[in-house]
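When you line the sequence shown up against this note's numbering, it's residues -11 to 487, in that order.
Even for Gly, the Cβ is constructed at its ideal location relative to N, Cα and C.
All values reported here derive from a predicted model rather than from experimental measurement.
First the structure, in the form of structure tokens, and then the observations on it.
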Amino acid sequence: MKPVLTLHETYQNSVLERLQLHYSGGIFVIVNKDWPLVSKFWRTDLAYITTLLQDEYGAKGPEPRDPASMLRSYLIFLMTNPEIGITEWINEMKRIPYYAILSGFDPGDIPGVGTFYDFFNRLWAASGNNLKPKKLMKRKRKPKKGKKGEKAPTTTPGKVKRLVEWMIRHADKKSDLPSDRLFHFFQTQILAISANLGLLGDLNSLTVAGDGTPIVTSAFTRSKSTCNCRAQGLAECNHPRIYSQPDCNAGWDSSREKHFNGYHLYMISATDSHYDLPLYPRLQPASRHDAVSLVVSSVEFKQRFTLGTVDKMLLDAAHDAEAIYLLLDHQNVEPFIDLNNRSKKNTKTGGDIRISPKGIPICSANLEMRSDGHDNLQNRHKWKCALAKGTENSCATPCSKARFGRTYHTHSKDNLRLFPKTPRNSEKWTLIYDRRSSIERSNKREKVDYKLESGRHRSTKMWYVRIYGIMICQHLDAWFSHRNESLVDLKNLILPQTA
């Protein structure tokens, strides 16, 4: 049977009635720290999820649970007890009527575990629970360790360049993902509201940041053999195996300095947001490098994000590859990427000027030249003699007879990596790039505050459901802080005698 659309006003009336019934007599009490949770869901309309999932329900059968209540209950679970499972969360709702009422359920009629997982299945636009089939060839050994504090390098030379070239050729071909239904709801019902509140920045010129973070799913890779080679005394064979988590593999965690089994979560966030709000998640194999993950994530994000235009992207030194600059330039996005100084040698030019590894011209006196602004008309950057001040020059051996000293121009088209539109040694670059750390704070909220890795899931479907649920919670927290509403009026409305 198709679910019946329950308006948000109907949900508010049910919460008002049930809280007054159960909490006005003094048997149960809502303490002060619980009222922000009431406020968040009192103002958040989730009814659209029912319309979105209409086609996922059959025309016949028993009346289903309200999808909006199911989603609301899952979000409350993530906000209050993210370390427990769904089974224990149902027990929590039975012990504490407040949780059930706020979800939209009657305390005496709470859905079971199977009902929750049936709802999760409808959020996933695919028949399988993973992106890959469970039957795969035997995996290789663990990847090489990275240096202390550094991520493991890509194992295949030129891989990023080849991937970028392929992505540019096929940029117009959008492939559907099982997580698209989740992102559609997230974009239309959550991101759109954050944008209207001004929490994402200027939609016509958004500044975003990208970074990857490891997600540990299990201590070891779980798999079963499909042959009897071991029974025949053959310890090693190349036959396929059945993996319980086919989308996961082994990777190197540079922060913990150890190997792990799981995913590489690549997240894109809005850096102009004072609340470090996430925009787009992408689960990749744990062994995948940040640069490879960015190529896949940025193309998918550009194809799906419709609320505004990305103008700048801030990335760390792990993304410092010429192919990344070409990709972002193709997308009309200005890259702000910290240099990974693989070489300490200066680059020679056709004249007596050399270019430092940081992209700064070096004069014949072996001094770094000063930035003198960007010429937007000719798309070039101007550099001046480091010792010239006005018409005076303190250089003992000036390399130019010009009154204002030697000048030199660099063009972004000559080398996008060394000569970005905004020079790396400028105040503008520093001011903009300082916001890159917002992606790390966003990832910290997901992994530490909302206990992302506490989800004991064995399918990519459930990991995506958990990630999107946490992202919605981050936006709900931002709405509550931004509105800065007094809870006194809400207390007077629901429980006037206790306010």
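Cβ neighbours of residue i in the same chain (closer than 6 angstroms, five flanking residues each side left out)
i, result
"PHE107", "MET58"
"ARG423", "THR259"
"ALA88", "MET81, PRO95 and ILE98"
"ASP308", "ILE325, LEU327 and ASN328"
When the options are compared against residue i, the one with the closest alpha-carbon
i, options, result
"ASP241", "PRO166, PRO273, GLU288 and MET301", "PRO273"
"HIS247", "LEU481, GLY92 and THR209", "THR209"
"GLY239", "ALA311, HIS252 and GLY46", "HIS252"
"ASN431", "LEU406, GLU80 and GLN462", "GLN462"
"HIS277", "ILE312, ASP22, ILE74 and PHE293", "ILE312"
"SER373", "GLY49, MET357 and THR385", "Going by the sequence as given, residue 373 is Cys instead of Ser. For the residues GLY49, MET357 and THR385, the minimum Cα distance to CYS373 belongs to MET357."
"LEU124", "VAL(-8), ARG292, ARG229 and ARG454", "ARG229"
"LEU104", "LYS122, LYS120 and ILE74", "Residue identity differs from the one stated: residue 104 is Phe in this sequence, not Leu. For the residues LYS122, LYS120 and ILE74, the minimum Cα distance to PHE104 belongs to ILE74."
"GLY378", "SER243, ARG394, ASN364 and TYR62", "ARG394"
Nonlocal neighbours in the same chain, by C-beta distance under 8 angstroms from residue i, ignoring five residues either side
i, result
"HIS362", "ARG368, HIS369, LYS370, LYS409, THR410 and PRO411"
"THR(-6)", "ALA35, THR38, ASP54, ALA56, SER57 and GLY92"
"PRO24", "PHE468 and LEU475"
"THR176", "TYR36"
"TYR421", "LEU302, PHE324 and ASP326"
"ILE64", "LEU25, PHE29, TYR87, LEU90 and SER91"
Integer-rounded CB distance, given that residue j should sit under 8 angstroms from residue i
i, j, result
"HIS10", "ALA35", "So it is not a contact: roughly 24 angstroms between Cβ atoms."
"LEU90", "VAL26", "6 angstroms"
"TYR452", "LEU265", "With a Cβ gap of about 18 angstroms, TYR452 and LEU265 do not count as contacting."
"SER447", "ASN117", "4 angstroms"
"LEU478", "GLN8", "That belief does not hold up - the Cβ atoms of LEU478 and GLN8 are roughly 13 angstroms apart, past 8 angstroms."
"THR398", "PHE407", "4 angstroms"
"LEU40", "PHE173", "6 angstroms"
"ILE181", "ILE460", "Incorrect: roughly 11 angstroms between the Cβ atoms, too far for contact."
"CYS387", "ASP340", "7 angstroms"
Residues of its chain near residue i, where Cβ-Cβ distance is below 7 angstroms and the 5 sequence neighbours each way are ignored
i, result
"SER167", "TYR452"
"LEU314", "VAL152 and LEU404"
"CYS217", "CYS225 and HIS227"
"THR(-2)", "none"
Check whether residue i and residue j have beta carbons under 8 angstroms apart
i, j, result
"ASN237", "SER275", "yes"
"PRO488", "TYR396", "With the chain represented from -11 up to 487, any question about residue 488 goes unanswered, as that position is not in the structure."
"VAL287", "VAL321", "no"
"ILE427", "ASP199", "yes"
"LEU111", "ARG169", "yes"
"LEU267", "LEU282", "no"
"SER352", "ASN413", "no"
"MET255", "PRO234", "no"
"LEU194", "ALA466", "no"
"ASN249", "VAL204", "yes"
"ALA197", "LEU191", "no"
"PHE171", "ARG292", "yes"
"LYS435", "THR201", "yes"
Residues bridged to residue i [DSSP beta-bridge criterion]
i, result
"TYR268", "ILE256"
"ARG368", "ASP363 and HIS399"
"GLU153", "Note: GLU153 sits in no beta bridge, so no partner."
"MET301", "VAL196 and PRO323"
"TYR231", "SER211"
"VAL204", "GLY250"
"PRO349", "ILE343"
"GLU356", "ILE350"
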